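Enquirer: Structure incoming, see below.
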Amino acid sequence: ETGVTQSPTHLIKTRGQQVTLRCSSQSGHNTVSWYQQALGQGPQFIFQYYREEENGRGNFPPRFSGLQFPNYSSELNVNALELDDSALYLCASSIKQGHYNSPLHFGNGTRLTVT
Amino acid sequence: RKEVEQDPGPFNVPEGATVAFNCTYSNSASQSFFWYRQDCRKEPKLLMSVYSSGNEDGRFTAQLNRASQYISLLIRDSKLSDSATYLCVGSSGGSYIPTFGRGTSLIVHP
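Sequence lines, in order, name chains V and U.
Note that this note's numbering gives residue 28 to position 43 of the first sequence, counting from 1, and the numbers run on in steps of one.
Note that this note's numbering gives residue 322 to position 17 of the second sequence, counting from 1, and the numbers run on in steps of one.
Here's what the structure looks like:
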């Protein structure tokens, strides 16, 4: 069984730049969720994708966008980076079937630093 | 009010102690609850699901109290390796989006 993998593991960007983070879901999982975790805080929900469509969105501005591909892998794009975007970005996959939602399985995360 | 609230701690306990964490949730329609463990600078890992009837796994026991809208985690006979942050998760909204608390820090000392 292949787990959730994220790339890159670390990234340094300059304010105003754009970044793309990638995630491969665990085998058999059809849902991908993205979270932002600042130091000392819990993961904050950015959005979730199910069957290539956005299934829910947290309180993040439109410059945070995403995609899910037919193989259930996913991308998180952030435009016009701000210093406060510096955080650990976590991707998690899960199974959604009707009202059943399996627990989330997380990747190792991408640590983004904006200078 | 945040959807899922936890006391951030830290809880400082000696080895062998019993420690309990509570977590409150505001959405009475929440259906799924979990406890995750997160080690420093690592990703969260599922510790256990929380069922209406409670759930026990070795030294760990999770309980759900729907009337008071809280879930709890009890750790018996604490080990040094239990030192970590424990994240409470409830699902919210019609799309069952997992919402995390800020985590409770546990430090087990010799």
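No residue lacks a Cβ here, since even glycine has one placed at the ideal position from N, Cα and C.
Owing to the predicted nature of the structure, the values given are computational and were not obtained by experimental measurement.
Mind pulling the chain U residues with CB within less than 8 Å of V/Pro28?
Expert: The contacting residues are Pro349, Leu392 and Phe405.
Enquirer: Run through chain U and tell me which residues come within less than 9 Å of V/Pro(-7), C-beta to C-beta.
Expert: Near V/Pro(-7) there are no residues of chain U at all, since even the closest Cβ is about 15 Å away, more than 9 Å.
Enquirer: Taking C-beta pairs closer than 8 Å, name the residues in chain U that V/Leu(-4) reaches, listed in chain order.
Expert: Neighbours of V/Leu(-4) on chain U: none; closest Cβ ~15 Å, over 8 Å.
Enquirer: Tell me the DSSP secondary structure of V/Ser12 in three-state form.
Expert: If DSSP states are grouped into helix, strand and coil, V/Ser12 belongs with coil.
Enquirer: Is U/Asp362 helix, strand or coil when you go by DSSP?
Expert: In the structure shown, U/Asp362 sits in a strand (DSSP, three-state: E or B).
Enquirer: On a Cα-Cα basis, can you pick out the residue from U/Ile376, U/Gln343 and U/Cys345 that is closest to U/Ser358?
Expert: The shortest Cα separation from U/Ser358 among U/Ile376, U/Gln343 and U/Cys345 belongs to U/Ile376.
Enquirer: Could you name the residues that DSSP lists as bridge partners for U/Pro403?
Expert: According to DSSP, U/Pro403 bridges with U/Ser396.
Enquirer: Given a cut-off of 8 Å, decide if U/Asn332 and U/Gly395 are closer than it, judged by their beta-carbon atoms.
Expert: Closer than 8 Å, so yes.
Enquirer: Evaluate the contact criterion for the stretch 320 to 329 of chain U versus the stretch 48 to 67 of chain V: three or more CB pairs, one atom per stretch, below 8 Å.
Expert: No, they do not touch.
Enquirer: From the beta carbon of U/Phe339, is the nearest beta carbon of chain V less than 8 Å away?
Expert: By this cut-off, U/Phe339 is an interface position.
Enquirer: Alpha carbon to alpha carbon, how far is U/Ser410 from V/Thr(-10)? Give it in angstroms, no decimals.
Expert: Straight-line Cα distance between these residues: approximately 26 Å.
Enquirer: Grouping DSSP H, G and I as helix and E and B as strand, with all else coil, what is U/Ser373?
Expert: Coil at U/Ser373, not helix or strand.
Enquirer: Taking U/Phe365 as the reference, give the member of U/Tyr341, U/Pro415 and U/Ser335 with the closest Cα.
Expert: Among U/Tyr341, U/Pro415 and U/Ser335, the Cα nearest to that of U/Phe365 is on U/Tyr341.
Enquirer: Is V/Ser78 helix, strand or coil by DSSP?
Expert: Residue state, collapsed to three classes: strand.
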